[in-house]
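Trainee: Before I ask anything, let me first share the structure, which is written out below as structure tokens.
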Amino acid sequence: MGSQAYPYKGFLDMLATRNLANGTNAWTAQDHTAYTLTTAGSGGLLQLLPVYMDHILRPSITDEAFLTEIHHINDKAENAGVVYCEMQGVESNPESIAELAFMRAAFPPNSGYRYETGGLLQDIRQLTVETVRQFHTKTYSPANTAIIVAGTVDDEALLKCISEIEFKVLGLQAPSSDAVPVQISDIPRRLHEPFSAELPPFQAQTLNVRFPSKGDDEMGLALIGWKGPQLQNVLERVGCEILLRYLTEGEVAPLHQALLECDPPLASGIGFTTSNGKDGTLQLQADGIDPSELRRVPVIVRSTLKQVLENSFDMTRLHSFVRMQLLEQQESEEENIAAHVDSCIADAVYGDSSISLLRSILNSQRLLLGQDETWWLQLLRTYLMAPSIDVMASPSPDVAAAHATADAARVAQQAATYGPSGLKACQSALDSAIARHQEVPPPQLFSKFPVQSADDIPSIPSSCRVLSEPGVTVNYTHVKSQFVTIYMVFDSSSIPAHIMQLLPLVSELFFAVDIAPSSSQGQVPWSKVVESIQTFSLGQSFGLGVGGSCFYSGSFETTTCASIRAHEDSATTAMQWLLDLCNHSAPSAERIRVYVFFFTKIMPTCRSHFGAGVLKTMRDVWSDTFGHALVQPDRQKPVLATLLQQLNVDGGEAAVVELVRQF
């Protein structure tokens, strides 16, 4: 929205383009706000960083900016604004509603972790621009700011840039030779207090919350949360992440088996999150659950965890997740210069101005490989067998109707309060704010910042070779990397529509299917297929077009594409698995039934993500034989119903299996 030195909306992003940056971004967590800037090459970063810091530490928080970006009332007495509209969606989102209920139950009233970072609508409506200015003055101080730079930047040039920020942006004086550096402990105590309270042990409780829904076929979700390790307990914190992956990831995972592989499936998906605050939390979330079945989920989860505790771990599979997380870390370091930024932020917020926390995180995966089964069982017993807070979120048309009624009543009250002249004044102020923000920065403001040249940016060497044989073409592209991605692309333009419409089902079945005896590995049951692929795959997919998925097409949507990403040492293994899956898969009626139930459960959610208007446009624009139209959610419901009917009649299973094999 502009700064004191550059008071023009959009100036920063326009300048970012001249410095080979794709704009700027930001996010807010409970304990910090981060502003990000990514440039191609260091020249743009060094030129742009002082301007960026001026916008962060000396923003022009004007009345006009507040109206457009945070909250205003228009001439129809409606509440709006960028932040306000964003939070309207958040307050109706099932996951956000369940998460907020959990955090409020887990953390005491004086804790900063229990609040919605974006703000609640009722509070945003009461917010004033003066409150925003006061908050910025109190919290955006140099002593409470950390600049984290990742990438190849000359040290002296960076220090010179930081000096410019200190002297020109902040107006600080040059430090004397005996000046004492600012320490984390010097930051005003009021900024630490909301995050310093000790998190007490959880008391077992079940919370029932409702979220607004528009249809009778929407599903509920269950969130089960435990108190986790503290931030500084890095080994146990990373160990809990591995433990949750073992329990949830893949069709052979214990909780996946208990909730998704039963007949019929209780849930359509299961996952987990871990928080990175001073006191950690561990959350397990299952969605796509019939509201009447929600209460069964915590019971089944606890029963499954007890069975794991009694029967011990599959240590081979557990260690494969440790090794995989280590590979994922290496892959992230290779592809993303900001791979360790989150750890640096945690160290800046909670550490001792050292890199000890980051070092611990980098070493943790290797240390976990040395832990025996007793250590892992104790980890499970300590954290996941402890009392939990269970949140059952169910859809409710009544809540949706109540929200609509309350919104209408509020708008009517505001219309009466402001009156015609008041609403006209509100709209006039908004129009003036919009006009103010459309002012173009003067050209001379840009002249101080020369456009960065792409010639100074080193390119990544690559080579390509194409090998062609009758019926197959191999395109080999080489770059210096530890990792490979193998794509197998097939022309699907001639596949009949009644076969092509099975693509969503096949996409989920593809990597979890029996392998026939004719393969290079002999006969392999689907469970071993899943376990084997998990030992080396950093990601796999099967979908419409390159980069597509079951409901969304990627590039070249007249093709279907199977892919696996792996470490270079596993390239041959990955290729062999792709060949066997493509040429020797043996789908069974049992596995097909599981995924038919799975898609039946997730379909309401998928359709709501598309939106009714988008679905109608798809139906109107695309023909019934168009690949993307055949697989989009609105057309899958009758397909699934037909498959399920066939699976339940005599002789129908064989017909369905044959249909899937023809894909």
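Under this note's numbering, the first residue of the sequence shown carries the number 5, and numbering increases by one thereafter. Every residue gets a Cβ at the ideal spot worked out from N, C-alpha and C, and that includes glycine. A quick note: this is a predicted structure, and the numbers were derived from the prediction, not measured.
#1: Shortest alpha-carbon distance to M319 belongs to which of L16, T539, L71, F15?
#2: What's the call for P98, buried or exposed, on a 16-neighbour Cβ count within 10 Å?
#3: What's the call for L372, buried or exposed, on a 16-neighbour Cβ count within 10 Å?
#4: Pick helix, strand or coil for K231, following the three-state DSSP scheme.
#5: Apply the 10 Å Cβ neighbour rule to E68 and answer buried if 16 or more other Cβ atoms are within range, or exposed otherwise.
#6: Return the bridge partner residues of C565 from the DSSP annotation.
#7: Any idea what DSSP makes of L619, helix, strand or coil?
#8: The beta strand (DSSP E) that contains Q505, what's its start and end?
#9: Just reading off the alpha helix (DSSP H) that A408 is part of, what are its end residues?
#10: Use the C-beta contact count for Q138: other C-beta atoms within 10 angstroms, 16 or more gives buried, fewer gives exposed.
#11: In its own chain, which residues sit with a C-beta less than 8 Å from the C-beta of T676, not counting the 5 before and 5 after it?
#12: Could you tell me whether the Cβ atoms of L235 and G281 are closer together than 9 Å?
#13: In terms of alpha-carbon separation, which member of N479, S498, F546 lies closest to L509?
#14: Exposed or buried, which one is E245 when buried takes at least 16 other CB atoms within 10 Å?
#15: Locate the beta strand (DSSP E) running through T285, then write down its first and last residues.
#16: Do S7 and L19 have their C-beta atoms closer together than 9 Å?
#17: Taking DSSP as the reference, what is the three-state secondary structure of R299?
#18: Within 10 angstroms of the Cβ of V517, are there 16 or more other Cβ atoms? Answer buried if so, exposed if not.
#19: Between which residues of its own chain and I65 is the CB-CB distance below 7 Å, once the five residues before and five after are set aside?
#20: Does the beta-carbon of D435 have 16 or more other beta-carbons within 10 angstroms, so that it is buried, or is it exposed?
#21: From E473, I341, A38, pick the residue whose C-alpha is nearest to that of I687; which is it?
#22: Identify the continuous beta strand (DSSP E) that holds Q209 and give its terminal residues.
#23: Can you list, in chain order, the residues of its chain whose CB lies under 7 Å from that of G549, leaving out five sequence neighbours each side?
#24: Secondary structure at N29, three-state DSSP: helix, strand or coil?
#25: Could you tell me the alpha carbon to alpha carbon distance between I464 and P642, rounded to whole angstroms?
#26: Check whether the Cβ atoms of I490 and R569 sit closer than 9 Å, and answer yes or no.
#27: Roughly how many angstroms separate the alpha carbons of K310 and L286, rounded to a whole number?
#28: Per DSSP, what kind of secondary structure is S541 in: helix, strand or coil?
#29: In three-state terms, what does DSSP make of T156?
#30: Since A44 and L24 are thought to touch, with beta carbons under 8 Å apart, how far apart are those beta carbons, to the nearest angstrom?
#31: Can you list, in chain order, the residues of its chain with a C-beta nearer than 6 Å to that of M5? Leave out the 5 residues immediately preceding and following it.
#32: Where do the ends of the beta strand (DSSP E) carrying G93 lie?
#33: Check whether the stretch 253-261 touches the stretch 73-82, counting contact only when three or more Cβ pairs, one atom from each stretch, lie closer than 8 Å.
#34: DSSP state of P185, grouped into three classes?
#35: Could you tell me whether the stretch 579-587 touches the stretch 263-280, where touching means 3 or more Cβ pairs closer than 8 Å?
#36: Just to confirm my understanding: we take Q431, look at its own chain, exclude 5 residues before and 5 after, and list those with CB closer than 8 Å. What are they?
Mentor: In brief:
#1: T539
#2: buried
#3: buried
#4: strand
#5: buried
#6: V493, G547
#7: Confidence at L619 is low in this model, with a pLDDT of 48, below 50, so the placement of that residue should be treated as unreliable; the coordinate-derived value is given next. Here L619 sits in helix by DSSP.
#8: First-last for Q505: undefined, no H or E at that position.
#9: 401-441
#10: exposed
#11: Since the first and last residues shown for the chain are 5 and 667, residue 676 lies out of range.
#12: yes
#13: F546
#14: buried
#15: 283-293
#16: no
#17: coil
#18: buried
#19: V133, V136, R137, H140
#20: exposed
#21: Absent from the model: residue 687. The displayed extent of the chain is 5 to 667, so no value can be given.
#22: 209-216
#23: S557, G558, S559, F560, E561, T563, C565
#24: strand
#25: 49 Å
#26: yes
#27: 17 Å
#28: strand
#29: coil
#30: 4 Å
#31: K13, A69
#32: Run containing G93: none in the beta strand (DSSP E); it sits in the alpha helix (DSSP H), 86-94.
#33: no
#34: Confidence is the limiting factor: at P185 the pLDDT is only 49, short of 50, which leaves the residue's position unreliable, though a coordinate-based value still follows. In this structure, P185 counts as coil in the three-state DSSP scheme.
#35: no
#36: N78, D79
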